[in-house]
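This report concerns only the one structure given below.
In my numbering, the protein residues as written are 460 to 720.
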C-alpha cells in the first residue's frame, strides 16, 4: 500500500489513518511511506490500533532529501512518528540532496549518505536499506564503494517508462525492484507524457479478448515482468474482486485473513 502526497501538504486527521486501517483489515501487509509524505504519524496510529503483530507488517519509509547529512537522526524521527522501534526497509528517497532549510541544493555525495544508511542498519533501526530514484551509474558507484549493498531499488515503472535496462541491471546484481506509479499516464487527458492512455485501441482490444479492463491488462503485464516469488496473492481472498487481474483458480488457497469460527 503506497501513499504519496502531491507536494508537501499537511495531512488532515484521519485522512490517511482510516484507509490504512481498512487496508490492514482487508489483508494488506506492506505499507510504503516517507518522511516527505507527512503521513508517518497517521500510518503509525493505524498500525498501533490494529490487532496485527508488528512482525507481520512490512513497513517502508524514506530519508528526506534535506536530511542526508544526519541520517541516523532522520530515521529516529521517522520511527518516533511511526511509533515503531524499527522499520523493515529504509530508502534514500532521492540521490539529490537539499539544504536543511530547503533553500536550495546541498553539495553532498550520496556515497557519504549511503555510509550513514549503513549505520542505521548496524544500529538495528532498519532491517534493510535501499535506494529510490537512482539510475544505473549511480547504483554502480554505490556497489563499488559500499560495505552493505542495497537490498532494494524503488523506481517508477509503467508502460510509459518500462525501465527494462535498469530492471535487468538490478536482477543481475540481486537488487529487488519495487515499482511505483504502475499506471503511469494511463488516465492523463493531456498530450504529455506520451501514450498509451486508458482508451488505447490495442489495450481495449486486449481487454475485450480477455474480458478484463485496460488497467487490469496493464497490471498483468507489469507483474509478469517481475519475479513472481516477490508477489504473494491469496486467491480465495482476492480473486472475486472485480479488478482482480489474474486467472481464477478452481481450488484457491484458504483465506488467511478470514476470522475463524
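We put the beta carbon where it would ideally sit given N, CA and C, even for glycine. If you're wondering where the values come from, they're calculated on a predicted model, not measured in any experiment.
Problem set entry | Helix, strand or coil at residue 709 according to DSSP, with G and I counted as helix | Secondary structure at residue 709: coil, using DSSP grouped into helix, strand and coil.
Exercise. Should residue 463 go down as buried or exposed, given a rule of 16 or more other Cβ atoms within 10 Å for buried?
Worked result: Residue placement at residue 463 cannot be trusted, given a pLDDT of 46 that sits under 50; the coordinates are not used to answer.
Problem set entry | Neighbour-count burial assignment, residue 661, 16 or more Cβ in a 10 Å radius | Exposed, since its Cβ has fewer than 16 Cβ neighbours within 10 Å.
Exercise. Can you tell me the Cα-Cα spacing of residue 642 and residue 625, whole angstroms?
Worked result: Computed Cα separation, rounded: 18 Å.
Exercise. Within 10 angstroms of its Cβ, does residue 465 collect 16 or more other Cβ (buried), or is it exposed?
Worked result: At residue 465, the pLDDT of 46 sits below 50, so the modelled position is not reliable; the number obtained from the coordinates is stated separately. Around the beta carbon of residue 465, fewer than 16 other beta carbons sit within 10 angstroms, so the residue counts as exposed.
Exercise. Can you name the residues that DSSP bridges to residue 639?
Worked result: Answer is 615.
Problem set entry | Selection from 606, 561, 519 and 540 that minimises the alpha carbon distance to residue 729 | The structure shown does not extend to residue 729, since the chain is modelled only from 460 to 720, so the question has no answer here.
Problem set entry | Cβ contact (3+ pairs, closer than 8 Å) linking the stretch 479-494 and the stretch 502-521 | A contact exists between the stretch 479-494 and the stretch 502-521.
Exercise. So what does DSSP say about residue 657, is it helix, strand or coil?
Worked result: Coil at residue 657, not helix or strand.
Problem set entry | Bridge-paired residues (DSSP) for residue 549 | In the DSSP assignment, residue 549 is bridged to 520 and 588.
Exercise. When the Cα of residue 629 is compared with those of 581, 602, 572 and 677, which residue comes out closest?
Worked result: Ranking 581, 602, 572 and 677 by Cα distance to residue 629 puts 602 first.
For this session: List the endpoints of the continuous alpha helix (DSSP H) containing residue 602.
Result: Here the alpha helix (DSSP H) through residue 602 covers 595-604.
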